[in-house]
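Visitor:
Protein chains in written order, with full-length UniProt numbering: chain P, 1 to 344; chain D, 1 to 344.
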C-alpha cells in the first residue's frame, strides 16, 4: 500500500502579536500521497526528516503588504523553513535514492520537487547527526560564521564582544568564534539552563537578562567593541550607551524585540554618530556564498571532534510545529528547535 | 588707551528643551583686557573676527553626566566653537602679527592662548571671505567632504541619495558632491528660501519637509541607496522603509530630532538587518585627518571659481550669539550661521 497520509502545517492567518498555535498556523492531516505513483516530471520525491523552527519564521507571518522582499507565507499553504530530507524517488540524475538533501522545504511529510529545486546533497563525511545540518552546521551556524568573518574579523584580539540570545544556534556559534579569536565575551540568555550552556562555551560573563540589568552589566564589563544584535530596541540602546568611543561595531542579525506586536523603539540613535558606531545589518543569504565552502570544510569536523558545541531541542511530530513556533518566540526552547517529522 | 572691553558669551545653565537666550547662555560685558600688556607667556593674543553657530553646540549644553566624551560646556565660562581670528601679538615664532588663524575659540572678543594652542594659519590664497573658513571651507564643509569620500565613494554613479537639512553648510556640500559624482539627489529643507537655494545646487528633487510628507516623496522617488542623516528619529524610519533592498548605506552625521527634549525614537530597526543596511556614524574629527590636505587644495578654489556654492547668515555682534543658537536649533537661519564679533 503506497498511499500514505501526508500531513501538513499550514499558514492560516496573520499574526499580530505572538503567533497562536492552531490559529496563526494549523496542523492538517487531510491529505494523502501515493509514494509509488506521484508524478515527478523530472524531479524528485523527498521524505522530510527534520524541519527547523527559527525566530525569523515570525516575520513571514505578517501582512503581505508589510514588507515586500522577504517572501511571506500564503494563506492555506504550508509554511516553509529549512529542512533535511531523504530522496525516495528521483528522475533527476543529480540526486540518487537515499541521498540526504538540505533545502527550504514546505512543512509536510512528503514533497515532490521540480527538476530545478535548489537541493543541496549532504554527504556528511563527519558523521554528525543529520539534524545539525539545519542547525549549527546549517543556516543558523552559517549565519554566525559568515557574519562574524565578514564584519568582525578586523577587530584585534582582546576586544570586548556582547552577544544576545547567546544560547541559540547563531548566538552560541558567535560566542565560540569570538572566543577562538581571543576576545572577551559577554553573553545574555533567558534561563538558568541556557546561561549554564553558554558558560560551557567559554564566554567570560554570562547573565540571565530576565534577572539582571543589561545596562549595569555592560557598564561594568564594557565598553563594547562588537555587539552581535538579535534583539534591537532597548537592548540596542543599552549597548549604544556602553560602546567604546570610536570604532565600535554592531552586527544586526535579528530584532526579536519587535517581532510580536509593537516594536520596542531605539531612542539613543544620536550616539551612533557621537560615538562613531558602524552598524551592519545583514541577512545570511547576501553574504553566505563567500563563506560556504570554508564553513562546510571547517564546522562539521569541529562538531565531530567536540571542539564546536551545540544544543538541540528536538520535538517529534509535525503536529507539534505550531506550538514550537510560539515557544521559540517566547524563548522556551532549550537549544536549537527542530521538528522531527519522521524517523530515518 | 590699550584697555578695552572684552565681552563674552557664557554658559549659564543646562538646556533641557530648546536653549533659552539669556538663560541657557548669557552675554556678559563686565570684563576688560589690556591689549598691550596682557601677559602672553610664550603664546599669542588673538582678536576674534567670526564665530560659528552650529547645531552641535546644543549637545554641549547637556548635563555633564549625560555624555562623557564630547567636552561639555562649563558653567560661568565662555562656550566655545570654531572661529576665525587675527594675531594681535605673538611670542610664538609660528604665528606672526596679522596672521589669520582658525581654531576652536572661546566666545569672547579677545583671547590669550598658550604656546601649544592648536591654531591653523590660513593663507587664503583663493581670496575667499574669511568667514567661509568656519563654513563651507571649514569644519562643516570638511565634515561633508570627508564623510562623503570615506563612506559614499564606492557607490556607482546613478545611485539615489537623500540629504536632510540640505540648505545647511554640511548638507549643501553633500548635495554638490553627490551631484558631482553623478547621482540622483533628493533633498529636504525647512523653508521656501532654503528649498530654492538647494534647487540652485542642482538637486533633482527638493521639498519642504514641513509641507510635504517625507515618506511619500521617498516612496515615489526612491528607493534610497545613500542617506545622509542629520535628523534621526522618524525621518530615519521613513528612510529605512524606503531603502533599496541590500547594500544601502546611511551616513549619520547628526541627530537634530533628539537635541531638544525627548528624543524622537526609531521604530523600524528590524529593517536594518532585513534589508542589509549599513549605518556609519561619524564625527568629523575621527576621519578628517585623511582628507584635510585634499580638502584645502580643492574646496577654496572651487568656491572662488563659483563652482562650489554656499549661503552664509552673518549676524553682527557677540551679544546676538544666544539668540543665534536658538535660531539654528529652530532652523530659522538662512545659510550657515556666523557671528561677526569684530570688523577686520
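Ideal Cβ positions, reconstructed from N, Cα and C, are used throughout, including at glycine.
Quick caveat, the model's predicted, so the values are computed rather than measured.
#1: DSSP on residue 268 of chain D, reduced to helix/strand/coil?
#2: Residues of the stretch 264-281 of chain D in Cβ contact with chain P at a cutoff of 9 Å, in chain order, please.
#3: Using only the heavy atoms of the ligand HEM, determine whether one of them is closer than 7 Å to the beta carbon of residue 333 of chain D.
#4: Of the choices D:113, D:220 and D:171, whose alpha-carbon is the least far from that of residue 197 of chain D?
#5: For the beta strand (DSSP E) containing residue 302 of chain D, name the first residue and the last one.
#6: Closer than 8 Å by C-beta to residue 125 of chain D: which residues in its own chain qualify, once you throw out the five before and the five after it? Chain order, please.
#7: Helix, strand or coil: which one does DSSP assign to residue 39 of chain D?
#8: Less than 8 Å between CB atoms is the rule here; does residue 71 of chain D satisfy it with respect to chain P?
#9: Reducing DSSP to helix, strand and coil, say where residue 134 of chain P ends up.
#10: Let me know if residue 82 of chain P comes out buried or exposed under the rule of 16 or more other beta-carbons within 10 Å of its beta-carbon.
#11: For the stretch 152-180 of chain P, which residues have a CB atom closer than 9 Å to at least one CB atom of chain D, in sequence order?
#12: Are the CB atoms of residue 203 of chain P and residue 175 of chain P within a distance shorter than 8 Å?
#13: If the cut-off is 8 Å on Cβ atoms, which residues from the stretch 181-204 of chain D count as contacting chain P, listed in chain order?
#14: In terms of residue numbering, what span does the beta strand (DSSP E) encompassing residue 193 of chain P cover?
#15: Report all residues from its chain with a CB closer than 6 Å to the CB of residue 150 of chain D; omit the five preceding and five following residues, and keep chain order.
#16: Residues in the stretch 281-301 of chain D with C-beta within 9 Å of chain P's C-beta atoms, listed in sequence order?
#17: Chain P beta carbons: is any one of them nearer than 8 Å to that of residue 232 of chain D?
#18: Does the beta-carbon distance from residue 31 of chain P to residue 6 of chain P come in below 8 Å?
#19: What residues of chain P sit near residue 81 of chain D, judged by a beta carbon separation below 9 Å?
#20: Give me the chain P residues within the contact set of residue 236 of chain D, using Cβ-Cβ distance strictly less than 7 Å, ordered along the chain.
#21: Provide the residue(s) that pair with residue 278 of chain P in DSSP beta bridges, ordered along the chain.
#22: Less than 8 Å between the beta carbons of residue 21 of chain P and residue 329 of chain P, yes or no?
#23: For residue 268 of chain D, count neighbouring Cβ atoms within 10 angstroms of its own Cβ and tell me buried if that reaches 16, exposed if not.
#24: Assuming contact is defined by CB atoms lying nearer than 8 Å, are residue 277 of chain D and residue 109 of chain D in contact in what I supplied?
#25: Could you name the residues of the same chain whose beta carbon sits closer than 8 Å to that of residue 257 of chain D, not counting the 5 residues immediately before and after it, in chain order?
#26: Using beta-carbon positions only, say whether residue 166 of chain P and residue 152 of chain P come within less than 8 Å of one another.
#27: Excluding five sequence neighbours on each side, which residues of the same chain lie with their C-beta closer than 7 Å to the C-beta of residue 93 of chain D?
#28: What are the residues that DSSP puts in a beta bridge with residue 349 of chain D?
#29: When DSSP labels each residue in this structure, what does residue 119 of chain P get in the three-state scheme?
#30: Residues of chain P with CB under 9 Å from residue 258 of chain D, in chain order?
#31: Bridge partners for residue 108 of chain P per DSSP, in chain order?
#32: Going by DSSP, name the residue or residues bridged to residue 287 of chain P.
#33: Would you mind telling me which residues of chain P sit closer than 7 Å to residue 254 of chain D, beta carbon to beta carbon, in chain order?
#34: Quick check on this structure: which residue in D:107, D:162, D:296 and D:284 has the alpha carbon closest to the alpha carbon of residue 50 of chain D?
#35: Contact check, residue 84 of chain D vs residue 145 of chain D under 8 Å by CB: the rounded distance?
#36: Output needed for residue 42 of chain D: all residues of its chain with C-beta closer than 8 Å, excluding positions within five of it in sequence on either side, in chain order.
Guide: Walking through what the data contain:
#1: coil
#2: 264, 265, 266, 267, 268, 269, 270, 271, 272, 273, 274, 275, 276, 277, 278, 279, 280 and 281
#3: For the structure depicted, the ligand HEM is absent and the ligand set is empty, with no information on it obtainable.
#4: D:171
#5: No beta strand (DSSP E) holds residue 302 of chain D; the alpha helix (DSSP H) holding it covers 292-304.
#6: 300
#7: coil
#8: no
#9: helix
#10: buried
#11: none
#12: yes
#13: none
#14: Looking at the DSSP string, residue 193 of chain P is not in any beta strand (DSSP E); the run it does join, the alpha helix (DSSP H), is 192-200.
#15: 287
#16: 281, 282, 283, 286 and 287
#17: yes
#18: yes
#19: Simply none; closest approach about 17 Å.
#20: 269
#21: P:249 and D:280
#22: no
#23: buried
#24: no
#25: 231, 232, 233, 234, 235, 263 and 264
#26: no
#27: none
#28: Since the first and last residues shown for chain D are 1 and 344, residue 349 of chain D lies out of range.
#29: coil
#30: 267, 268, 269 and 270
#31: P:8
#32: In DSSP, residue 287 of chain P forms no bridge with anything.
#33: 273
#34: D:107
#35: Wrong, their Cβ atoms sit about 19 Å apart, outside the cutoff.
#36: 91, 92, 114 and 115
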